[in-house]
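Peer 1: So the sequence lines, in the order shown, correspond to chains A and B.
Residues in the first sequence are numbered from 1 upward in steps of one, following our numbering.
Residues in the second sequence are numbered from 765 upward in steps of one, following our numbering.
For glycine and all other residues, C-beta sits at the position ideal for the given N, C-alpha and C.
Below is a structure I'd like to ask you about.
Number of protein chains: 2
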Amino acid sequence: MNDRPLHSLGKSYPREDGPEMVAGLSQFVEDIQRPGMLYGAVVRAGRPHARILGVDASRAAKAPGVACVLTAADVPVNSYGMVITDQAVLCGDKVRYEGDPVAALCAASWEQAESAARLVRVRYEDLPAVTGPEEALRPGSPRVHESHPTGNVVFEGSVIRGDVEKGFAEADLIVEARYRTVPQEHASIEPHITVAEVDPAGRLSVYVTSQTPFRIQADLARVLKLPLSKVRVVSCVSGGAFGGKHEIMLESLASLCALKTRRPVTFRMSREEEFTVSTVRHAFTIDYKSGVTREGKIMAVHVRSLLDGGAYCAAGNGVGAKGALMAPGPYVIPNVRSDFCLTYTNNGFAGAVRGFGATQTTFACERHMDLIARRLGIEPMELRRRNAMKTGDPAHSGDAITSCGLAETMDKAATAIGWDEIGRGRRSGRCRRGRGMAAMIYPVAGFGQATPAAAFARVNPDATLTVITGIVDVGQGTNVILRQIAAEELGIPFEHVHLVNGDTSIAPFDPGSTGSRVAHVGGLGVKKAVAEVKKKLLAKAAAALEAAPEDLDIAEGEVFVVSAPDRKKRLAEIAQNSYKAGDILLAEGLHHSKDMGVNKANHQGKAFECYVFATQCAEVEVDTETGEYRVLRLVAAHDVGRAINPMNVEGQIEGGASMGFGLGTSEIIQMKGGRVLNRDFRDYLIPTSEDMPGTFTSLIVEALEPRGPFGVKGVAEPSVNPTAPAVVNAICDAIGAEINDLPATPEAVLRAMGKVAGKARKRS
Amino acid sequence: MNDRPLHSLGKSYPREDGPEMVAGLSQFVEDIQRPGMLYGAVVRAGRPHARILGVDASRAAKAPGVACVLTAADVPVNSYGMVITDQAVLCGDKVRYEGDPVAALCAASWEQAESAARLVRVRYEDLPAVTGPEEALRPGSPRVHESHPTGNVVFEGSVIRGDVEKGFAEADLIVEARYRTVPQEHASIEPHITVAEVDPAGRLSVYVTSQTPFRIQADLARVLKLPLSKVRVVSCVSGGAFGGKHEIMLESLASLCALKTRRPVTFRMSREEEFTVSTVRHAFTIDYKSGVTREGKIMAVHVRSLLDGGAYCAAGNGVGAKGALMAPGPYVIPNVRSDFCLTYTNNGFAGAVRGFGATQTTFACERHMDLIARRLGIEPMELRRRNAMKTGDPAHSGDAITSCGLAETMDKAATAIGWDEIGRGRRSGRCRRGRGMAAMIYPVAGFGQATPAAAFARVNPDATLTVITGIVDVGQGTNVILRQIAAEELGIPFEHVHLVNGDTSIAPFDPGSTGSRVAHVGGLGVKKAVAEVKKKLLAKAAAALEAAPEDLDIAEGEVFVVSAPDRKKRLAEIAQNSYKAGDILLAEGLHHSKDMGVNKANHQGKAFECYVFATQCAEVEVDTETGEYRVLRLVAAHDVGRAINPMNVEGQIEGGASMGFGLGTSEIIQMKGGRVLNRDFRDYLIPTSEDMPGTFTSLIVEALEPRGPFGVKGVAEPSVNPTAPAVVNAICDAIGAEINDLPATPEAVLRAMGKVAGKARKRS
């Protein structure tokens, strides 16, 4: 960071695509029309675990309008997967969850395709299903993947730091509890949908909404056995992603049909398929054990997380590891052990969801902090303050925290909600008030390895700027913030930056809009490319201003001598003269942190680029007769590093907190015999505006990050994580009882108070 | 050039867009459909020269379906032009040719727009029209542009080398003649058409067929007063350009309507407008004077070219200068003076046309060579051989010719057509045979300044390559040859290269597909970018192969140690490992010749990148009773430098020769009182396949050019230039009389033979 005044950062520029989205003019994948388009349908297992004895698609192939029928034999390379290639485009030998695809076809209309799909006859031999992770681990349980070397254990690992046994021995009090989270739907309003078409030269174009178009491209190239240069993936306007638009789901089927028929083909998921086929948030069972001193100092933490991965690994190993690393929370703890075990089951497979493992372990951690506080008789915020991380402290992977605004988030959140005042409120009678707090640490980007970011930059003859990046905006508003970073770096007005992205045939490779990496790492890539082209401009300006390039800077479209700002020229003049001299102003830039790396044995090392922190506080009123409650106020204070676009940051905080609110209060997938029972938004309750807190306050804390572009860290995912524990802590405060399983439904509230019997509802 | 064997160059890979074009599936601008599209119509002057007293568009504005009416006052900056900003988007004070636009409107259908256009009332005060260049220069003639400082002389200049008067004094014979060429239509099968639309964020997208999308972008930004970052121009599949799709013609009107109505707007020209509005090839009147020795050595040449520029300058000054520089032909001449004078008239304005001035002066030169040969009694080919340029000789701008295959083109063409044998044929009776030859020099790119070329290159993780270039393919097949150059440079299969271009919001700036620059300069830009990314790959491979990067090379997708080719690795492995290490493989490259520059006083200096040469020979049979003739054989031997794609080179030669054939034999715009009389293909005769020579032979000569990429020079334009003189020389040989004015219609043949009276038809 330098100290020059900022011009483009810190301002709430509106998103360029905002007006068209509000006006209903955005072109979603659904809006793509092509003459001669074919419409797809997928034949799915409908049972959790079975051997396929035979597939007879002959009647379907002859059905009206049908152009093409696919079974496993039609897939050139029938395996893929983010980490383990355990998934088939079309299952040939076995199905492992009810959504597994067995056959696919396309026809002249959606209706004809669906009718024909019902004519495909699949003979199965049903196998006993593994319906939960405990069952998965039981000796003698059926194996979901016979060939997986560690049985139903997909992957396990441990974060080890210090000596937990020594730490427990030094503690005055050991606090243990078990916490459970349930699967959560991404619940994007736009279901998965794709259009694939092949041009006469044989080049495939696939239109999707995806956070990771280059992964889609790579997986398609793999399963179709095509070179990357023949596979173009275009990520279109997004109707929601939240981690759920990572994998090829329908794209390979649409592409195979398009390659076979040479016609455009579209596949989409129904809402029912969204609930039964696509990924969910991993259900965690977390055994949390802490050793603390009388004064509240945490000496040791041992966390054991058991994850239900469902039928396929997908991003599960990362979810397990990131969850484990965040499980001890934003606290300085000398002795940490955090184990995770990812299991295969015959449930719908879990994948990346906003918050990525840390959502679940943050819930456990922050509920556990309240438990400890109560046992020690220390005020919960005070307990957190005594252990809170600050800049320079080690994270649980041992790498130093390079910026930390945690204390400030606590101050701001507590002040805004009137923490002490609520604390003095009523805790008796039918309607009781309570207050809850949850703090959080969340990592930005990386995970033991750098996620590089690159961009092309081009300064036009009028000194406007074009940036080409592989980063896609799936609704978070990253397009606007990358433009702000580019404008700031070059020193031109924000309006003069144009961003090009979304098309794998144009943009530099990018790992994707995942892991809250875009603002920080993506921003560094854009900044680097712009800095390179700026160098070329300054060299030109140096000649014109008779000064050394290093003595020049650019602001608001003018290049000037830093020591004598009156010696200046319009940047447009410099750019135009450069073009006239034949010097086209181009550059490429690549950011790639070279210091990343962890020891897989203990997950110690430089695991992430940097860390963000937050504190959320909730005030609730609980009706102790019905268990119903209302969140009166929710305050979310987030340390995001430099807030590039405050409006956008607030939008991210509100959006994330809404998702966390649903996780904490109402969202639950009900399963029976390996099948999802609630398959629509009538029975799966995402919060509506009526359910939301009475007031919601977003507060921004800017602990500037030295590694980031202009101090930027990030905000996309973490806002989801503290909400559920803050709300549940508030409920527990109000009712004076513990709720350790999500979600905290009215029934769960009554159960916690001993007013109804029975166990908490959980998966299967 | 290095000596390694070539893998991708020299092979006739088919064009990627060939199948879809043949199948009728190409998406032309005409095929763009948008909901709510508006259709445009232009109110044009319909008179050659008049003052505008008033425009009343009130009735038109109220006509059914009309959404928007424009007059001059609606244009933010109402002037533009390639060199001189002498042209208005909509005329406000004066009209200067019959096609000048006075008002424009758009409506819900083409029919409503045309009906409404007829309701616009314009009051004019007619002014006397300047109908030809001689009249333009006459003292007291009306002035086309009152404010132009040199009256109706747009621009004049001279090529001066040696001392022509001294040269004439040393000569044994002075030969003088006047040659005239006529305007020629580009006659693209696709008329000018555009679609403009504005997104809700205010960004303009304009779809066109253009050779120079960045010029269109720049001119639109100027007249609309928008930053370049808000103006996107997409050049679509082309239905022909030939120099005629350089300027904004309809784009500014469509854009203004789109900006006003916020709806998509399309404008197109009717075929009649194509004939009366868009640019034509400049008519030249050329006074050609040569001094030669008895042995046929040319001692001096003085050429004076008078050009009819029509109402606006457009590219006229370049046409005049390039024509003047090529006028002395591919011959070593110690004393040269070549003057040109470009005039304003009230004819349709002239612009760039394939061949660009040299077409006209090559006709004069090569007819003149035959005249000299006849006067000296030297066989015409022999006369040419005695004076022919070779490598190392100076061009007429004084710069050394770095590669010259002229002699070889003469050998090949003469052999192929059986030159000597035809020479012994019959020259009497009603049907007579004749032979004609024309040689040519043509410059590649530049014109006193470098035309830089840039590209972005990206190697994908599977070692396929993406190249982003600003160069557009308007039908010449440059996309395929740039891919070949890229494949050759990187050492991967041709099929693994993907090219992205056509969209100004993505590609690096490019001056355009003009001046036969693409293969040579564009190729150098692509080669440079690929070489840069190759360096990065070789650095990675060096570590893997334990060798120095400079000892490595890549061929057919494998990287190997040059001195020990068995030590090798798959390039895909190197690329994949690079990505795994976070090193995204990107580069940008810029080619820009630093040695270009001419003295404007005498046009001496490094004027062009390099030169191509050609010889075309024709055999004709003339019916001396009717004047009708048939070209029995046409042979075209072209030195193109390295022939990247022989099939493509042959296609260019055939296409160019067809255009030259039309110029030589049938194409003439008939004018009366400043208005074009023949406004369609029924009355304006382009050659059909029936008219074409009985046999056509393309022959490639490869004089490798040290400045070019892999020895490449170019071929796009020059193939048009020798055809008309070769055919006319053959006719003159057959009939034993001179035809010095184009085209050589049957009427002109009879006139030359004294069988009909009167002057050759010419413009006005």
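1. If you measure beta-carbon to beta-carbon, which residues of the stretch 258-292 of chain A are closer than 9 angstroms to chain B?
2. Go ahead and pull the three-state DSSP assignment for Met-1411 of chain B.
3. Spell out a yes or no on whether the stretch 604-618 of chain A and the stretch 470-487 of chain A are touching, meaning 3 or more CB-CB pairs, one atom from each, closer than 8 angstroms.
4. In three-state DSSP terms, what is Ala-1516 of chain B?
5. Does His-496 of chain A have its Cβ less than 8 angstroms from a Cβ in chain B?
6. Touching or not, the stretch 362-377 of chain A and the stretch 174-181 of chain A, by the rule of three or more beta carbon pairs under 8 angstroms?
7. Could you list the residues in the stretch 1262-1281 of chain B with a C-beta less than 7 angstroms from some C-beta on chain A, going in chain order?
8. Would you kindly work out how many angstroms separate the C-alpha atoms of Gly-1424 of chain B and Tyr-1206 of chain B, rounded to a whole number?
9. Quick one: is Ser-229 of chain A near chain B, going by C-beta distance under 8 angstroms?
10. Report the three-state DSSP secondary structure of Gly-398 of chain A (helix, strand or coil).
11. Looking at chain B, which residues of the stretch 456-472 of chain A have a Cβ within less than 8 angstroms of any of its Cβ atoms?
12. Using a Cβ-Cβ cut-off of less than 7 angstroms, give me the residues of the stretch 1348-1375 of chain B that come near chain A, in sequence order.
13. Is it buried or exposed, Asp-1359 of chain B, if we count other Cβ atoms within 10 angstroms and call 16 or more buried?
14. Can you find a CB in chain B that lies within less than 8 angstroms of the CB of Tyr-579 of chain A?
15. Can you tell me the Cα-Cα spacing of Ser-141 of chain A and Asp-308 of chain A, whole angstroms?
16. Rounded to whole angstroms, what is the Cα-Cα separation between Arg-59 of chain A and Asn-152 of chain A?
17. Spatial neighbours of Ala-1177 of chain B within its chain, please: CB distance less than 6 angstroms, with the 5 preceding and 5 following residues excluded, ordered by chain position.
18. Nearest to Gly-1321 of chain B by CA position, among B:Phe-1211, B:Ser-1327, B:Ile-1499 and B:Phe-1258, is which residue?
19. Below 9 angstroms on C-beta distance, what does Ala-1307 of chain B contact in chain A?
20. Strictly by DSSP, which residues pair up with His-591 of chain A?
21. Residues of the stretch 850-869 of chain B with a CB closer than 9 angstroms to any CB of chain A: list them in chain order, please.
22. Excluding five sequence neighbours on each side, which residues of the same chain lie with their C-beta closer than 6 angstroms to the C-beta of Lys-600 of chain A?
23. At the 8 angstroms Cβ level, is Pro-452 of chain A part of the contact set with chain B, yes or no?
24. Using three-state DSSP, classify Gly-1369 of chain B as helix, strand or coil.
25. Write down the C-beta distance between Ala-315 of chain A and His-603 of chain A rounded to the nearest angstrom, noting that I regard them as a contact closer than 8 angstroms.
26. For the stretch 1456-1483 of chain B, list the beta strand (DSSP E) runs that are entirely contained and at least 3 residues long, ordered along the chain.
27. Starting from the beta carbon of Ala-985 of chain B, find every residue of chain A whose beta carbon is closer than 8 angstroms, and list them in chain order.
28. For a contact meaning CB atoms closer than 7 angstroms, what does Pro-964 of chain B contact in chain A?
29. So, using beta-carbon positions, are Asp-683 of chain A and Ala-985 of chain B closer together than 8 angstroms?
30. Measuring only the C-alpha atoms, how far is Val-807 of chain B from Asp-1505 of chain B?
31. Taking all protein chains shown into account, decide if Thr-1429 of chain B is buried (16 or more other Cβ within 10 angstroms of its Cβ) or exposed.
32. Roughly how many angstroms lie between the CA atoms of Gly-597 of chain A and Val-1001 of chain B, to the nearest whole one?
33. Would Thr-451 of chain A pass as a contact of Ala-457 of chain A if the rule is Cβ separation under 8 angstroms?
34. Give a yes or no on contact between the stretch 826-834 of chain B and the stretch 866-873 of chain B, applying the rule of three or more CB pairs nearer than 8 angstroms.
35. Expressed to the nearest angstrom, what Euclidean distance is found between the alpha-carbon atoms of Glu-702 of chain A and Ile-485 of chain A?
36. Please classify Val-22 of chain A: is it buried, with 16 or more other beta-carbons within 10 angstroms of its beta-carbon, or exposed?
Peer 2: The answer reads as follows:
1. The residues in question: there are none.
2. In the second sequence, residue 1411 of chain B corresponds to position 647, counting from 1. Met-1411 of chain B: helix per DSSP, three-state reduction.
3. Fewer than three Cβ pairs drawn from the stretch 604-618 of chain A and the stretch 470-487 of chain A lie within less than 8 angstroms of each other, which leaves the two stretches out of contact.
4. Within the second sequence, residue 1516 of chain B is the residue found at index 752, counting from 1. In this structure, Ala-1516 of chain B counts as helix in the three-state DSSP scheme.
5. As a first step, residue 496 of chain A must be located in the first sequence, where it is residue number 496. Yes - at least one Cβ of chain B is within 8 angstroms of the one on His-496 of chain A.
6. By the criterion of at least three beta-carbon pairs nearer than 8 angstroms, the stretch 362-377 of chain A is in contact with the stretch 174-181 of chain A.
7. Correct list: His-1262, Val-1264, Ser-1269, Ile-1270, Pro-1272 and Phe-1273.
8. As a working note, residue 1424 of chain B is residue 660 in the second sequence. As a working note, residue 1206 of chain B is residue 442 in the second sequence. Their Cα atoms are separated by approximately 15 angstroms.
9. The residue you call residue 229 of chain A lines up with position 229 of the first sequence. Against chain B, the CB of Ser-229 of chain A has a partner CB under 8 angstroms away; the residue lies at that interface.
10. Walking along the first sequence from the start, residue 398 of chain A turns up at place 398. The answer is strand: DSSP assigns Gly-398 of chain A an E or B state.
11. The residues in question are Phe-456, Arg-458, Asn-460, Pro-461, Asp-462, Thr-464, Leu-465, Thr-466 and Ile-468.
12. Within the stretch 1348-1375 of chain B, the residues whose Cβ lies closer than 7 angstroms to any Cβ of chain A are, in chain order, Ile-1348, Leu-1350, Ala-1351, Glu-1352, Leu-1354 and His-1356.
13. The residue given as residue 1359 of chain B occupies position 595 in the second sequence. By the neighbour-count criterion, in which a residue is buried when 16 or more other Cβ atoms sit within 10 angstroms of its Cβ, Asp-1359 of chain B is exposed.
14. By one-based count along the first sequence, residue 579 of chain A stands at place 579. Yes, Tyr-579 of chain A counts as interfacial toward chain B.
15. Reading the first sequence from its first residue, position 141 is the one you call residue 141 of chain A. Reading the first sequence from its first residue, position 308 is the one you call residue 308 of chain A. Answer to the nearest angstrom: the Cα atoms are 15 angstroms apart.
16. Translated into the one-based positions of the first sequence, residue 59 of chain A becomes position 59. Translated into the one-based positions of the first sequence, residue 152 of chain A becomes position 152. Separation of Arg-59 of chain A and Asn-152 of chain A (C-alpha to C-alpha, rounded to the nearest whole angstrom) is 37 angstroms.
17. As a first step, residue 1177 of chain B must be located in the second sequence, where it is residue number 413. Within the same chain, Ala-1177 of chain B has close Cβ partners Thr-1379, Cys-1381, Val-1399 and Ala-1401.
18. Start at 1 with the first residue of the second sequence, and residue 1321 of chain B comes out as number 557. Ranking B:Phe-1211, B:Ser-1327, B:Ile-1499 and B:Phe-1258 by Cα distance to Gly-1321 of chain B puts B:Phe-1258 first.
19. Working through the second sequence from its first residue, we reach residue 1307 of chain B at position 543. Chain A residues near Ala-1307 of chain B: none, gap ~15 angstroms exceeds 9 angstroms.
20. One-based indexing of the first sequence puts residue 591 of chain A at position 591. A:Ala-453, per the DSSP bridge assignment.
21. Residues of the stretch 850-869 of chain B that bring their beta carbon within less than 9 angstroms of a beta carbon in chain A are absent altogether.
22. As a working note, residue 600 of chain A is residue 600 in the first sequence. Excluding residues within five positions, none has a Cβ falling inside 6 angstroms.
23. Here residue 452 of chain A refers to the residue found at position 452 when the first sequence is read from its first residue. Contacts with chain B at 8 angstroms (Cβ-Cβ) include Pro-452 of chain A.
24. Translated into the one-based positions of the second sequence, residue 1369 of chain B becomes position 605. Residue state, collapsed to three classes: strand.
25. On the first sequence, position 315 is the one that residue 315 of chain A refers to. On the first sequence, position 603 is the one that residue 603 of chain A refers to. No, Ala-315 of chain A and His-603 of chain A are not in contact; Cβ-Cβ is about 17 angstroms, not under 8 angstroms.
26. For secondary structure counted as the beta strand (DSSP E) over 3 or more consecutive residues, the stretch 1456-1483 of chain B holds these complete runs in sequence order: 1459-1465.
27. Numbered from 1 along the second sequence, position 221 holds the residue referred to as residue 985 of chain B. Neighbours of Ala-985 of chain B on chain A, chain order: Asp-462.
28. Counting from one through the second sequence, the residue named residue 964 of chain B turns up at place 200. In chain order: Pro-19, Glu-20, Ala-23 and Leu-25.
29. By 1-based counting over the first sequence, the position of residue 683 of chain A is 683. By 1-based counting over the second sequence, the position of residue 985 of chain B is 221. No, the pair does not count as a contact, with Cβ atoms beyond the cut-off.
30. To locate residue 807 of chain B, count along the second sequence from 1; it is residue 43. To locate residue 1505 of chain B, count along the second sequence from 1; it is residue 741. Going from the Cα of Val-807 of chain B to the Cα of Asp-1505 of chain B covers about 35 angstroms.
31. Mapped onto the second sequence, residue 1429 of chain B falls at position 665. Result: buried.
32. Reading the first sequence from its first residue, position 597 is the one you call residue 597 of chain A. Reading the second sequence from its first residue, position 237 is the one you call residue 1001 of chain B. So the two alpha carbons sit approximately 49 angstroms from each other.
33. The residue labelled residue 451 of chain A in the question sits at position 451 within the first sequence. The residue labelled residue 457 of chain A in the question sits at position 457 within the first sequence. No; because the gap between Cβ atoms is not below 8 angstroms, this pair is not in contact.
34. Touching, yes.
35. Translated into positions along the first sequence, residue 702 of chain A becomes position 702. Translated into positions along the first sequence, residue 485 of chain A becomes position 485. Distance between the alpha carbons of Glu-702 of chain A and Ile-485 of chain A: 16 angstroms.
36. One-based indexing of the first sequence puts residue 22 of chain A at position 22. Here Val-22 of chain A is exposed, its C-beta having fewer than 16 other C-beta atoms within 10 Å.
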